[in-house]
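Residue numbers (my numbering), protein chains in the order written: chain U, 25 to 168; chain E, 25 to 168; chain R, 25 to 168.
Contents: one structure, followed by commentary.
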């Protein structure tokens, strides 16, 4: 069994963004030499996501709006006025911990014949919900 | 390390449905000869899900109603009236891209002694949110 | 390829709770002798979750409140008054089946150098949404 590990680093200049990281995952797979196996791609931070969906800017705006409706940003810490207890720690990112649960921490992708075994529109995204600092994604490849 | 790959094809005659695919995944596992390892089962399309839950029709109706509340179908493209920017591409399926994020793209299941290592009620479902066309699920099995 | 399997058992005395199971997963990894590979940790029951986030009590209260808003507990079975069809089976736990879809069934974690390959704040939690009975989590480790 072979294994290969790579970190992808980000410093998104905004609070929230979606970044297509498929080329970086493909590059890591090529470096690994793995032809058959699995790739795990996960956010190493708990206010960010890795997910698979469409590389379509309108959809990304829909996600942004939808997530804001389901888990609104609020820097306050009083739940009665829409704040979050987590923000009593001095953070203002509780909403990011919630948004990340909707979009997910990780994806596992099959490797077949040395390539990501994808359907026609599948692309891997980093979802940042509390940016403006350096954060990482882990790519771990196991197989033969 | 052994690996085995199988595609499951669907053409659901409705927009939305849940289909128990556990027997097909078990058949793929038997074909693989893998006794210890992992099975990845993922939707290859980005408006569909693979998830594990209960094979109970009432629950599936609850999911349908709940998802419709969290991410309502709307063929329009004006967010101010409940539409989605994604639908400006000519699609009417933006809600399906959202519903799929709640229900998930994939499951990873342990293989132990040649069988899916399941709790008492776990069953694998294909969740279709934009049907009426041919779509696929990937089953990838790795192990020994 | 090595593989190792362990069950973690819980009997949460409340309906809902979050339990940090990182130490138990680390213990299972040490027992396995695996240095490079993947760990799958999944709820074996369909009204519970395994997820990775922050070990911060305020955040857990935020999750509890947020999930209750997205999928409220209701023992009834009439959807028109907030109940769930699933409860017609005699259960009162339909909301738990919904909450678990938001928080997820499983996590897959990379193993590097014999350790869980985690970012600075990642911790693994068991999320119970229908407790007061014995339930299990599966830890399956594959690698070398």
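Each residue gets a CB set at the ideal place from its N, CA and C atoms; glycine is no exception.
As the structure is a prediction and not an experimental result, all values here were calculated from the model.
- When CB distances to chain U are screened at a threshold of 8 Å, the residues of the stretch 118-145 of chain E falling below it are 118, 121, 122, 124, 125, 126, 128, 129, 130 and 132, in chain order.
- A contact between stretches requires three or more CB pairs, one per stretch, nearer than 8 Å, and the stretch 104-113 of chain E fails this requirement with the stretch 126-146 of chain E.
- Those residues of the stretch 39-57 of chain U placed with their C-beta closer than 9 Å to a C-beta in chain R do not exist.
- Look at residue 76 of chain U here: in three-state DSSP terms it is strand.
- In chain E, no part has a C-beta under 9 Å from the C-beta of residue 29 of chain U; the shortest such distance is about 18 Å.
- The Cβ atoms of residue 65 of chain U and residue 135 of chain U do not sit closer than 9 Å to each other.
- Rounded to the nearest whole angstrom, the CA to CA distance from residue 95 of chain U to residue 87 of chain R is 10 Å.
- The residues 150, in chain order, have a CB closer than 6 Å to that of residue 43 of chain U in the same chain once the five nearest residues on each side in sequence are set aside.
- Listed along chain E, the residues sitting closer than 8 Å to residue 70 of chain R by beta-carbon distance are 76, 77, 78, 143, 145 and 146.
- According to the DSSP assignment, residue 108 of chain E belongs to no alpha helix (DSSP H), since it is labelled neither H nor E.
- Residue 35 of chain U sits in coil when the DSSP states are folded into three classes, being neither helix nor strand.
- Within the stretch 99-110 of chain R, no residue has a Cβ lying closer than 7 Å to any Cβ of chain U.
- Residues of the same chain with a CB within less than 7 Å of the CB of residue 146 of chain U, apart from the 5 flanking positions on each side, are 76 in chain order.
- A Cβ-Cβ distance of about 20 Å is found for the pair residue 35 of chain R and residue 129 of chain R, leaving them out of contact under the 8 Å criterion.
- Residue 168 of chain E has a beta carbon lying within less than 9 Å of a beta carbon in chain R.
- Nearest Cα to residue 67 of chain E within the set E/89, E/60, E/119 and E/31: E/31.
- For residue 41 of chain R, the uninterrupted beta strand (DSSP E) segment begins and ends at 41-44.
- Excluding sequence positions up to five before and after residue 101 of chain U, its CB lies within less than 7 Å of the CB of 107, 108, 109, 111 and 112, all in the same chain and listed in chain order.
- Within chain E, no C-beta atom comes less than 7 Å from the C-beta of residue 162 of chain U; the nearest is roughly 16 Å away.
- When beta bridges are read from the DSSP output, residue 148 of chain U appears opposite U/76.
- Following the DSSP letters along the chain, one finds residue 93 of chain R in no beta strand (DSSP E) but inside the alpha helix (DSSP H) bounded by residues 81-94.
- With 16 or more other Cβ atoms from the protein chains shown falling within 10 Å of its own Cβ, residue 153 of chain R counts as buried.
- Residue 26 of chain R is not a Cβ neighbour of residue 49 of chain R, given a cutoff of 9 Å.
- In the DSSP secondary-structure assignment, residue 60 of chain U is bridged to U/136.
- Here residue 155 of chain E really is in contact with residue 41 of chain E; their C-beta atoms are around 6 Å apart, less than 8 Å.
- Residue contact check for residue 82 of chain U against chain E: a CB pair falls below 9 Å.
- Excluding its 5 nearest sequence neighbours in each direction, residue 46 of chain U has C-beta neighbours in its own chain below 6 Å: 147 and 148, listed in chain order.
- Per DSSP, the continuous beta strand (DSSP E) segment holding residue 165 of chain U begins and ends at 159-167.
- Taking the CA atoms as reference points, residue 79 of chain R sits about 21 Å from residue 71 of chain R.
- Looking at R/122, R/84 and R/74, the one whose alpha-carbon comes closest to that of residue 85 of chain E is R/122.
- According to DSSP, residue pairing for residue 30 of chain E in a beta bridge involves E/163.
- In this chain, the alpha helix (DSSP H) harbouring residue 119 of chain U covers 118-127.
- The shortest CA-to-CA distance from residue 115 of chain R to any of R/93, R/33 and R/97 is the one to R/97.
- DSSP places residue 67 of chain R in the strand class (E or B) of the three-state scheme.
- By the rule that beta-carbons nearer than 9 Å mark a contact, residue 62 of chain U touches chain R.
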